[in-house]
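In our numbering, the protein residues as written are 101 to 415. Working notes for the structure below.
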């Protein structure tokens, strides 16, 4: 299956999974560990679980170790599509040393072997996909783990019903960003999606992309927009959400005014959907298609990531 087919079929990845159910209220806190394409699902779960039950702390971490305060009573969920991501394996081992019983999610690899050795719950993902193209499989697994099966069906139908609209928007935006350095701004809610856009453009389109976020960018970034060289260098996008803090939404409007006054074009997108997760996935799917259309314009094969392969072999 080529990259275009995998992205086309993303909605079909949202399938029910039979597994034990975990109630966040039974834990002092929840930690999702993952890197790259496997890390984004932890970001989404953090935002969604917090929206459902703000009283339970939820973390999404990228790195080798757990925060020092994570210990007894916490649930650790380690996601690595390949099962061989060294940072995630290190996080898993750190959790075991602290007496936790982590849940492992992978298509196999060392994560599965450790789970079998330690008697841990392991959720098996379908094999044969690059991690960044397996978002639906990973997110479905985590939703089912937390007894949110109904969201899996909703996301599948939501993405199916908006697919053509999303593709049209992505194709139009790709033409606007072609030959420019994409700058993708996010808000506290859309920050994970903006980061996903960056990484998909990096890996699929084989070009640089830059992120900054509200409200922080209003304390530094905006000053640099006045440089005349920016007009010929960058293409700007801002991702926001209807549930962003009212002051953030006001800052979105102010940002639009700043760009207009400077004669710069700022493309603003807000996801469609009846809940937070639907809106985040709408924007994510838009970014995935954008990265493929940019790859077409740059005449790049979206699939290979040779320098990443080199780094893994060198470590």
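The beta-carbon is built from N, C-alpha and C at its ideal position, and this holds for glycine as well.
When the options are compared against residue i, the one with the closest alpha-carbon
| i | options | result |
| --- | --- | --- |
| residue 207 | 376, 185, 174 and 248 | 185 |
| residue 439 | 385, 162 and 132 | Nothing can be reported for residue 439: it is not among the residues displayed for the chain, which extend from 101 to 415. |
| residue 112 | 239, 179 and 142 | 239 |
| residue 297 | 201, 251, 394 and 345 | 394 |
| residue 183 | 153, 403, 224 and 197 | 224 |
| residue 52 | 286, 316, 396 and 324 | Residue 52 lies beyond the stretch modelled for the chain, which goes from 101 to 415, so this question has no answer here. |
| residue 195 | 205, 213, 170 and 219 | 170 |
| residue 291 | 281, 267, 123 and 340 | 340 |
| residue 214 | 180, 155 and 119 | 180 |
| residue 155 | 140, 166 and 123 | 123 |
| residue 109 | 229, 167, 268 and 193 | 229 |
| residue 349 | 404, 165, 329 and 289 | 289 |
Neighbourhood of residue i by C-beta, 8 Å cutoff - its chain only, sequence neighbours within 5 removed
| i | result |
| --- | --- |
| residue 378 | 254, 255, 258, 371 and 372 |
| residue 326 | 362 |
| residue 302 | 308 and 309 |
| residue 382 | 258, 259, 262, 266, 371, 372 and 373 |
| residue 406 | none |
| residue 120 | 221 and 245 |
Those residues which DSSP pairs with residue i across a bridge
| i | result |
| --- | --- |
| residue 174 | 129 |
| residue 335 | 282 |
| residue 311 | 284 |
| residue 203 | 177 |
| residue 161 | 133 |
| residue 367 | 337 |
| residue 223 | 205 |
Rounded distance between the beta-carbons of residue j and residue i, thought under 8 Å
| i | j | result |
| --- | --- | --- |
| residue 188 | residue 211 | 7 Å |
| residue 149 | residue 246 | 7 Å |
| residue 231 | residue 138 | 5 Å |
| residue 242 | residue 101 | Not a contact, Cβ separation roughly 23 Å. |
Cβ shell of residue i (< 6 Å), same chain only, five flanking positions each side left out
| i | result |
| --- | --- |
| residue 283 | 310, 334 and 336 |
| residue 114 | 236, 240, 252, 255 and 256 |
| residue 249 | 116 |
| residue 315 | 351 |
| residue 300 | 387, 388 and 391 |
| residue 198 | 171 |
Spatial neighbours of residue i in its chain, beta-carbon cut-off 7 Å, leaving aside the 5 residues before and after
| i | result |
| --- | --- |
| residue 270 | 386, 389, 390 and 393 |
| residue 201 | 220 |
| residue 226 | 207 and 237 |
Query raised in the report: If you pair each beta-carbon of the stretch 227-238 with each one of the stretch 352-369, do three or more pairs fall below 8 Å?
Result: no
Query raised in the report: Is there contact between the stretch 123-134 and the stretch 260-277, where contact requires at least three CB pairs shorter than 8 Å?
Result: no
Query - At least 3 beta-carbon pairs within less than 8 Å: the stretch 174-183 vs the stretch 103-111 - result: Look at the beta carbons and you see the stretch 174-183 not touching the stretch 103-111: under three pairs across the two are nearer than 8 Å.
Query raised in the report: Pairing CB atoms from the stretch 358-367 with CB atoms from the stretch 309-316, are three or more of them under 8 Å?
Result: no
Query raised in the report: Is the stretch 156-173 in contact with the stretch 133-141, if contact means three or more CB pairs nearer than 8 Å?
Result: yes
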